[in-house]
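Those sequence lines, one after another, are chains A and B. With positions in the first sequence counted from 1, the corresponding number in the working numbering is that position plus 97. With positions in the second sequence counted from 1, the corresponding number in the working numbering is that position plus 97. Beta carbons are placed, not taken as given, at the ideal position from N, Cα and C, and that holds for glycine.
2 protein chains.
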Amino acid sequence: MNPVVKQTVERCRMAGLRRTKALEELIATLLEHDRPMTLAELASSKRLAEQCDKATVFRLLQRLAGHGIIRRLGLHERAAYFTLLVPGKHSDYLICTSCGSIEAIQAPCPVHQLEEEIRVKTGFRNLYHELEFFGVCPKCARGERAG
Amino acid sequence: MNPVVKQTVERCRMAGLRRTKALEELIATLLEHDRPMTLAELASSKRLAEQCDKATVFRLLQRLAGHGIIRRLGLHERAAYFTLLVPGKHSDYLICTSCGSIEAIQAPCPVHQLEEEIRVKTGFRNLYHELEFFGVCPKCARGERAG
DNA sequence: GTAATTGCAAATACTTTGCCACGTA
DNA sequence: TACGTGGCAAAGTATTTGCAATTAC
């Protein structure tokens with residue numbers, strides 16, 4: 098099993114969750130796609146479609162989000178997106194408003210200092226941020242895909 | 098009439114939209130609240146509740162977003178949020194995950210340079226970003242409001 | 001006069017829950 | 001054994017659309 102999957106399942110165990118097949122497949126699926134995914138995408142993905150019901154995936158996502166193992170994101174679509182939180186790793190995203198493609202941005206995030214200032218000035222706890230860039234990708238701009 | 102409302106309605110007219118009472122009230126409502134609002138909030142706000150149907154507000158929001166007068170935001174809630182785009186003004190937001198309060202952040206946005214790099218490297222068109230900070234506000238942390 | 005806009009009601013889309021069966025610890 | 005989990009189906013919430021009537025230009 099992929100070491101990050103193993104490590105994440107271990108975090109789930111620490112948090113008091115039971116080690117089920119569905120849990121492992123969900124984490125593996127999120128990890129191998131390496132981008133935020135919707136409930137519908139997850140529930141119909143190869144690993145999970147055969148494994149369990151959509152309601153189960155939903156409840157798993159809820160539990161994992163509650164324990165800080167995954168995070169729920171907005172991203173403008175009607176459906177919510179979920180992304181695996183790997184300790185020490187932070188991602189911002191670049192999203193095409195035409196075809197809906199989503200990719201993680203590699204560049205170092207320029208927001209940490211502002212985040213620190215906000216933490217100090219406002220007294221907010223458990224502060225984190227989300228940064229997304231939206232635009233029309235070159236393919237869509239060329240008309241290769243309709244939007 | 099508030100000059101920003103007037104100016105924004107004028108932009109709508111330029112874009113080919115008709116000047117209706119509902120349009121003016123919608124823009125005035127968004128402006129006076131000065132924070133992103135949901136369709137439900139807007140449709141039930143004092144100015145709009147008496148003015149028109151929720152479907153009308155929905156379609157107005159759609160049209161305005163299509164013409165770049167307002168923008169649709171994610172913000173983690175199930176409902177979509179909408180914010181007025183005033184030329185030359187950019188806001189990032191600080192959101193309490195416990196009570197749901199939303200406030201605009203005054204500090205200059207630290208993302209412009211990265212945005213420029215992304216524009217150049219990826220060839221994305223019409224690029225813009227959204228930056229939100231989430232956390233638990235001091236009131237909620239003190240237990241004044243349940244979460 | 002003509003096309004955009006609106007209201008009402010019905011249809012969708014996505015999420016969330018109830019209840020009882022099942023599996024992990 | 002006990003309690004977290006899972007399946008199925010039904011309910012809930014927010015969005016989106018059809019169509020005939022109305023209104024801005």
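Give the DSSP-derived three-state secondary structure of A:Arg108 in the structure shown.
For the purposes of this step, residue 108 of chain A is taken as residue 11 along the first sequence, with counting starting at 1. Helix at A:Arg108.
I'd like to know if A:Phe155 contacts chain B, where contact means its C-beta is closer than 8 Å to some C-beta of that chain.
Here residue 155 of chain A refers to the residue found at position 58 of the first sequence. Proximity of A:Phe155 to chain B, defined by a Cβ-Cβ separation below 8 Å, is not satisfied.
Go through its chain and collect everything with a Cβ distance to A:Leu120's Cβ below 7 Å, but skip five positions before and after it.
Counted from its first residue, the first sequence places residue 120 of chain A at position 23. Counting only Cβ-Cβ distances below 7 Å, and skipping sequence neighbours, we find Val106, Cys109, Leu114, Leu157.
With a threshold of 8 Å between beta-carbons, can B:Leu191 be considered close to chain A, or not?
Locating residue 191 of chain B in the second sequence gives position 94, where the first residue counts as 1. Yes, contact with chain A.
Runs of beta strand (DSSP E) wholly within the segment 109-150 of chain B (minimum 3 residues, chain order)
none
Going by the DSSP bridge assignment, what does B:Glu174 pair with across the sheet?
Residue numbering aside, residue 174 of chain B sits at position 77 when the second sequence is read from its first letter. Partner(s): none; B:Glu174 has no beta bridge.
State the Cα-Cα distance for the pair A:Arg160 and A:Leu123, rounded to the nearest angstrom.
Against the first sequence, residue 160 of chain A aligns to sequence position 63. Against the first sequence, residue 123 of chain A aligns to sequence position 26. Going from the Cα of A:Arg160 to the Cα of A:Leu123 covers about 12 Å.
Could you spell out the range, first to last residue, of the beta strand (DSSP E) harbouring A:Ala238?
Translated into the one-based positions of the first sequence, residue 238 of chain A becomes position 141. It is not in any beta strand (DSSP E) - A:Ala238 instead sits in the alpha helix (DSSP H) that spans 235-238.
Quick check on the burial criterion: 16 or more other C-beta atoms within 10 angstroms. Buried or exposed for B:Val93?
Missing from the structure shown is residue 93 of chain B; chain B here goes from 98 to 244 and no further.
Which listed residue (B:His173, B:Thr135, B:Pro184, B:Val217) has its alpha carbon closest to that of B:Leu228
Within the second sequence, numbered from 1, the residue matching residue 228 of chain B stands at position 131. Selected option, being the one with the closest Cα: B:His173.
Determine the extent of the alpha helix (DSSP H) in which A:Ser215 is found, giving its start and end residues.
Within the first sequence, residue 215 of chain A is the residue found at index 118, counting from 1. It should be noted that the sequence gives Ile, not Ser, for residue 215 of chain A. In this chain, the alpha helix (DSSP H) harbouring A:Ile215 covers 209-219.
Residue-level contact to chain A via CB, B:Ile199, 8 Å cutoff:
On the second sequence, position 102 is the one that residue 199 of chain B refers to. Closer than 8 Å: no.
Straight-line gap, B:Lys118 to A:Met134 (C-alpha atoms, nearest Å):
Reading the second sequence from its first residue, position 21 is the one you call residue 118 of chain B. Reading the first sequence from its first residue, position 37 is the one you call residue 134 of chain A. So the alpha carbons of these two residues sit roughly 40 Å apart.
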